[in-house]
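In the working numbering, the protein residues as written are 154 to 518. All residues carry an ideal CB built from backbone N, CA and C; glycine is no exception. Structure first, commentary second.
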């Protein structure tokens, strides 16, 4: 498809695409818990959980969440520590903090659930254009587009858009196409059908065009460019860093620290850790955090390593452990605390610490 061109009905067979796509969705849609009755609150929670997280991982978290927090009141009145614990493992904790803040805001405005009002939704923390459109179309069957990564990929192939679709003119072109295709009588099913097609058939690297219900109307399929679409602008390449963490044991206690209120991983717990360069060993990192006498007298043992990612950074975290032969009544810094083994599971951890603790205790069993 050429640049600077409004999409016309001659290029895109709107009615045929809609008919085939909706028929396919009716026969192939996945049985997802938030699709059982389309409660606005459930749709909202599912959409937030699905940001940056795979579907299979979200479902058990969603079910557990709904058992404990089935309504706005339940989440608004819960303590932040409990809410964080229920979110642990999904990452990006600002999402769950925003859910709690949004629930409190809605209740203060007199709403008992998520309202069918775009302006109000966009005022809530954590709800942008996509999430608002998804809630309004899926929960309320209102004619709003909902363009996530899957939908953007499908539409870029339908129209064979040869420019980046995640910025500038290409993004606008996709938005226009989504609006042109959207049927006002079935926006709920149509938006979900596009998402489902992108997740199951029109996948990134090897699209299953032979199984696609709309491949006869797909411009990229006709020209053989489906694997070249979408064109996207990428941010900087992921950074790779090496880090080390210390598991300091004292009798039946473990040394942990709680992150400050401001900054990354607010109020989450973590092991003493740090990023090292190629010239440093773990001793150099631990000396910045731990008393010198520990470093002089204690022998550290490797417990293994884990991988995890923070935004655009991939971290290889190597763990070391040592046991103090004597009781230490006070933590070495105000931010550190001695936590008994029986209370460790009650805390909420940043991802690297949680994975390393899982590794350590699995080896002790």
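Item                                                                                                                                                                            : Value
First and last residue of the beta strand (DSSP E) that includes residue 489?                                                                                                   : 489-493
What whole-angstrom Cβ distance do residue 419 and residue 344 have, given they're in contact under 8 Å?                                                                        : Their Cβ separation, rounded to whole angstroms, is 33 Å, which puts residue 419 and residue 344 out of contact at 8 Å.
Under a three-way DSSP split, which group does residue 543 fall into?                                                                                                           : The structure shown does not extend to residue 543, since the chain is modelled only from 154 through 518, so no value can be given for it.
Figure out for me which residue from 248, 230, 234, 284 has the closest Cα to the Cα of residue 261.                                                                            : 230
Rounded to a whole number of angstroms, what is the C-alpha to C-alpha distance between residue 304 and residue 339?                                                            : 16 Å
Locate the alpha helix (DSSP H) running through residue 273, then write down its first and last residues.                                                                       : 271-276
Cβ atoms of residue 211 and residue 292: under 7 Å apart, would you say?                                                                                                        : no
Going by the beta-carbon positions, is the gap between residue 255 and residue 271 smaller than 7 Å?                                                                            : no
Are the beta-carbon atoms belonging to residue 512 and residue 457 less than 7 Å from one another?                                                                              : yes
Going by beta carbon distance, what residues of the same chain come within less than 7 Å of residue 257, once the five residues before and after it are set aside?              : 229
Would the segment 420-439 count as touching the segment 502-509 if we require 3 or more Cβ pairs under 8 Å?                                                                     : yes
Give the list of continuous beta strand (DSSP E) stretches no shorter than 3 residues that lie fully inside the segment 256-315.                                                : none
Taking the C-alpha atoms as reference points, what is the distance between residue 295 and residue 333?                                                                         : 15 Å
At a cut of 8 Å, does the segment 399-406 reach the segment 425-442 through at least three beta carbon pairs?                                                                   : yes
For residue 187, collect the residues of the same chain with a Cβ closer than 6 Å to its Cβ; drop the 5 residues on either side in sequence, then sort them by chain order.     : 195, 196, 199
With H, G and I counted as helix, E and B as strand and the rest as coil, what does DSSP make of residue 249?                                                                   : helix
Assuming residue 373 and residue 313 make a contact with CB atoms under 8 Å, what is their CB distance in whole Å?                                                              : 4 Å
With three or more beta-carbon pairs closer than 8 Å as the criterion, would you say the segment 165-179 touches the segment 360-372?                                           : yes
Among 234, 225, 263, 248, which has the Cα closest to the Cα of residue 192?                                                                                                    : 225
Consult DSSP for residue 440 and reduce its assignment to one of helix, strand or coil.                                                                                         : helix
Looking at the structure shown, is residue 185 part of a helix, part of a strand, or coil, going by DSSP?                                                                       : coil
To the nearest angstrom, how far is it from the Cα of residue 392 to the Cα of residue 466?                                                                                     : 5 Å
By alpha-carbon positions, which one of 215, 443, 236 ends up nearest to residue 499?                                                                                           : 236
Over what stretch of residues does the alpha helix (DSSP H) that includes residue 334 continue unbroken?                                                                        : 321-334
Relative to the C-alpha of residue 280, which residue among 250, 445, 206, 174 is closest?                                                                                      : 250
Excluding the 5 residues preceding and the 5 following residue 266 in the sequence, name in chain order all residues of the same chain whose CB lies nearer than 6 Å to its CB. : 193, 194
Among the residues of its own chain, which have a CB less than 6 Å from the CB of residue 354, if the five just before and after it don't count?                                : 361, 364, 365
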